[in-house]
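A.B. asks:
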Amino acid sequence: MLVSTEIKDRIAYIKMQNGKHYNCLSEEMCLELIEAIKKAIP
């Protein structure tokens, strides 16, 4: 699956903010990420 650079950048930023603790992501950030991925992947 190809992922746009924008999504990769966002994921990298989230990783940087939270380390590997994805459980620490706020629900809002998760929803934003999901929406961005949906837009990037037809």
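Residue numbers (the working numbering): -11 to 30.
Ideal Cβ placement from N, Cα and C applies to all residues, glycine included.
Values in this document were obtained by computation on a predicted structure and should not be read as measured data.
Considering only residues of the same chain and omitting the five flanking positions on each side of residue 17, which have a CB-CB separation below 7 angstroms?
C.D. replies: Only 2 meet the Cβ criterion.
A.B. asks: Do residue 25 and residue -5 have their beta-carbon atoms positioned less than 8 angstroms apart in this structure?
C.D. replies: Yes; because the gap between Cβ atoms is below 8 angstroms, this pair is in contact.
A.B. asks: Quick one: Cα of residue 29 to Cα of residue -7, how far?
C.D. replies: If I take the Cα positions, the gap works out to 12 angstroms.
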